[in-house]
Amino acid sequence: MNILFIASEAVPLAKVGGLADVAGALPKALIRLGHDVRLLVPQYNGIGERYALKNEIRGFMLHVLSRPEKVNLNLGRVGEVPVYTLENNSIFNTSEVYVNDLERFYFFSRAVSELLPHLKWQPQIIHCHDWMTALVPALIGKAGISYHSLLTIHNLYFQGYYDKHPVIQSELKARLAEDPSETADWPLRFMAQGIARAGRVNTVSPTYAREITTPEHGCGLDNLLRFRGDDLWGILNGIDFEVWDPLTDPYLETHYGPDSLDLKVGCKMELQKACRLPVNPDIPLIGMVQRLDEQKGLDILLPGLDKFLSHSPVQLVIQGIGREDYQQALRRVVERHPSRMAANLAYEEPLAHRIYAGCDLFLMPSLFEPCGLGQMIAMRYGAVPVVRHTGGLVDSVPEFNGDLSEGNGFVFHEYTGEALYRTLQKALDNYTGNRKRWRTAAERLSRLDFSWQASARRYEELYLSLQGLTY
Numbered sequence: 005m006n007i008l009f010i011a012s013e014a015v016p017l018a019k020v021g022g023l024a025d026v027a028g029a030l031p032k033a034l035i036r037l038g039h040d041v042r043l044l045v046p047q048y049n050g051i052g053e054r055y056a057l058k059n060e061i062r063g064f065m066l067h068v069l070s071r072p073e074k075v076n077l078n079l080g081r082v083g084e085v086p087v088y089t090l091e092n093n094s095i096f097n098t099s100e101v102y103v104n105d106l107e108r109f110y111f112f113s114r115a116v117s118e119l120l121p122h123l124k125w126q127p128q129i130i131h132c133h134d135w136m137t138a139l140v141p142a143l144i145g146k147a148g149i150s151y152h153s154l155l156t157i158h159n160l161y162f163q164g165y166y167d168k169h170p171v172i173q174s175e176l177k178a179r180l181a182e183d184p185s186e187t188a189d190w191p192l193r194f195m196a197q198g199i200a201r202a203g204r205v206n207t208v209s210p211t212y213a214r215e216i217t218t219p220e221h222g223c224g225l226d227n228l229l230r231f232r233g234d235d236l237w238g239i240l241n242g243i244d245f246e247v248w249d250p251l252t253d254p255y256l257e258t259h260y261g262p263d264s265l266d267l268k269v270g271c272k273m274e275l276q277k278a279c280r281l282p283v284n285p286d287i288p289l290i291g292m293v294q295r296l297d298e299q300k301g302l303d304i305l306l307p308g309l310d311k312f313l314s315h316s317p318v319q320l321v322i323q324g325i326g327r328e329d330y331q332q333a334l335r336r337v338v339e340r341h342p343s344r345m346a347a348n349l350a351y352e353e354p355l356a357h358r359i360y361a362g363c364d365l366f367l368m369p370s371l372f373e374p375c376g377l378g379q380m381i382a383m384r385y386g387a388v389p390v391v392r393h394t395g396g397l398v399d400s401v402p403e404f405n406g407d408l409s410e411g412n413g414f415v416f417h418e419y420t421g422e423a424l425y426r427t428l429q430k431a432l433d434n435y436t437g438n439r440k441r442w443r444t445a446a447e448r449l450s451r452l453d454f455s456w457q458a459s460a461r462r463y464e465e466l467y468l469s470l471q472g473l474t475y
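Residue numbers (my numbering): 5 to 475.
As structure tokens, this is what we get:
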């Protein structure tokens with residue numbers, strides 16, 4: 005099959021979050037299954053300088069946002085994957101991905117949908133990702149082009165509201181086909197339009213696919229998602245085993261694997277030194293790598309953090325960027341506990357790898373989690389997850405039994421600080437109580453297969469279903 009991925013970010017061209025990891029890794033897995041897969045992303049500043057790009061379509065004119073604009077479509081290659089980049093210096097004039105989001109991704113979606121028929125290579129499947137490209141299935145449907153479309157929801161919380169943008173409202177009203185349900189218009193959100201009009205919709209774990217059809221997790225779109233229920237799939241994400249491999253990871257000074265997990269302690273000591281924490285291989289080290297926002301559990305972590313660090317012989321290393329109030333709160337905790345905690349309030353890829361390799365436990369106390377990649381990476385690196393029972397964490401981290409011989413981590417259910425710290429203390433008791441048993445469990449986790457291979461097969465099945473075929 006010819007499959008075109010359309011995304012706002014993709015590793016290694018541009019990365020803000022997990023969407024980039026998926027858009028960078030899944031095409032490679034599908035290519036290895038024999039499909040012709042290409043990727044289309046905006047050409048942010050710097051991409052043209054870093055990659056050899058050749059012009060495919062030059063000076064294409066479109067009228068968008070009430071003005072004429074000229075775009076170029078360029079083609080290059082990143083490893084195995086052919087990559088198209090959409091170039092327009094007035095819209096994509098920065099290396100930052102999410103700036104003036106609504107207009108930027110409306111422009112991108114309009115340009116992509118109008119350029120598609122002019123490509124020399126033609127896709128059978130258009131695979132769009134999140135609200136930033138959710139308009140593409142609607143716009144190509146209006147054009148009457150015979151592409152099959154799939155919209156993957158990575159995080160329903162972000163939807164692209166355009167109800168207060170009169171220009172976008174007016175242009176979309178003029179361009180979109182009739183609502184396929186023949187009922188009232190769907191909400192004025194990019195995501196809603198994509199869910200209503202894509203051939204299939206999927207999200208990034210089976211549990212999250214069920215959760216978003218409920219009022220609690222549907223973010224106002226649960227009725228629409230129930231309407232599309234027969235076309236809604238849940239496919240668990242994978243991780244790129246070439247990027248995330250402690251045996252070959254270029255960011256690590258010490259390399260190790262399932263058969264040499266004792267060497268992981270070297271990474272732990274290197275992380276302690278880099279973070280200016282006391283170097284002690286016996287002290288349990290907890291890692292976190294995530295956005296600092298309300299989704300990720302900071303509101304239940306922070307109130308009890310001082311007490312926890314004062315009474316538990318642990319170290320905590322956090323990397324992330326997000327809400328300023330959370331960043332300030334973490335800075336204050338570090339000031340009060342400089343020998344117990346370090347916080348890097350930015351995203352630096354090398355340090356992220358070192359945290360996964362250096363920590364004994366990896367903490368994800370999420371309010372909701374569509375899939376989560378951190379817990380999979382942590383297990384690959386021999387760290388034990390401590391997670392809340394939600395979304396993709398349910399599918400990837402079944403709870404340990406009493407002797408840690410079954411299950412993948414420590415799990416709490418109630419979204420409270422009390423439940424979080426009770427479970428964290430249980431994990432620490434297991435770590436200090438029987439190190440041999442802990443080592444056996446960590447080794448077992450490091451051998452689990454969270455690669456893209458199985459998930460790519462499921463996407464292959466989904467693409468075939470779009471064409472009325474079976475796997």
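All residues carry an ideal CB built from backbone N, CA and C; glycine is no exception.
This structure is a prediction, so every number in the text was calculated from the model and none was measured.
Residues bridged to residue i (per DSSP)
i    : result
S455 : I243
I172 : In DSSP, I172 forms no bridge with anything.
Q323 : V293 and N348
E339 : Paired residue(s): none; E339 is not in a bridge.
S153 : I130
W237 : N206
L79  : K58 and Y88
L305 : Beta-bridge pairing links L305 to no other residue.
R193 : Y165
E403 : G413
F9   : L43 and H131
A14  : A18
Helix, strand or coil at residue i [DSSP, three-state]
i    : result
V116 : helix
F372 : coil
N227 : helix
K19  : coil
L408 : coil
D364 : coil
N284 : coil
M65  : strand
A460 : helix
K124 : coil
E447 : helix
E186 : Only weak support exists for where E186 lies, its pLDDT of 43 falling under 50; the value from the coordinates is given anyway. It is coil, neither helix nor strand.
L43  : strand
E53  : helix
L219 : According to the sequence shown, residue 219 is Pro rather than Leu. Three-state result, P219: coil.
P389 : strand
P72  : strand
A138 : coil
E100 : coil
Exposed unless 16 or more other CB atoms sit within 10 angstroms - verdict on residue i
i    : result
R114 : buried
M65  : exposed
W135 : buried
A449 : Inspection of the sequence shows that residue 449 is occupied by Leu rather than by Ala. Buried, since its Cβ has 16 or more Cβ neighbours within 10 Å.
L275 : buried
T187 : Because the pLDDT of T187 is 44, which lies under 50, any placement of that residue in the model is unreliable, and the number read from its coordinates should be weighed accordingly. Exposed, because fewer than 16 other Cβ atoms sit within 10 Å of the Cβ of T187.
T156 : buried
G22  : buried
L452 : exposed
V103 : exposed
K177 : exposed
D25  : buried
G203 : buried
W125 : exposed
D364 : buried
Contacts around residue i, its chain only, beta-carbon distance under 6 Å, and the 5 residues preceding and following it disregarded
i    : result
A423 : F416
Residues of its chain near residue i, where Cβ-Cβ distance is below 7 Å and the 5 sequence neighbours each way are ignored
i    : result
H39  : M5 and I7
Y419 : I304, L371 and R392
I359 : L275, G291, V293, V321 and Q323
P72  : M65
P184 : Residue placement at P184 is poorly supported in this model, since its pLDDT is 49, which falls under 50; the coordinates are not used for a value here.
P86  : R42 and L79
Cβ pair residue i, residue j closer than 7 Å
i    : j    : result
R414 : A431 : The residue you asked about is not Arg; residue 414 is Phe in the sequence shown. For F414 and A431, yes; Cβs fall inside 7 Å.
A361 : C271 : yes
L160 : I199 : no
L236 : M292 : no
L397 : A445 : no
A33  : A11  : no
Y88  : L44  : yes
L79  : K58  : yes
E53  : L77  : no
V208 : H131 : no
S459 : I239 : yes
Cβ neighbours of residue i in the same chain (closer than 8 Å, five flanking residues each side left out)
i    : result
T478 : Summary: the structure shown does not reach residue 478, with the chain confined to residues 5 through 475, and so no result is reported for it.
L119 : I61, F64, V75, L77 and L90
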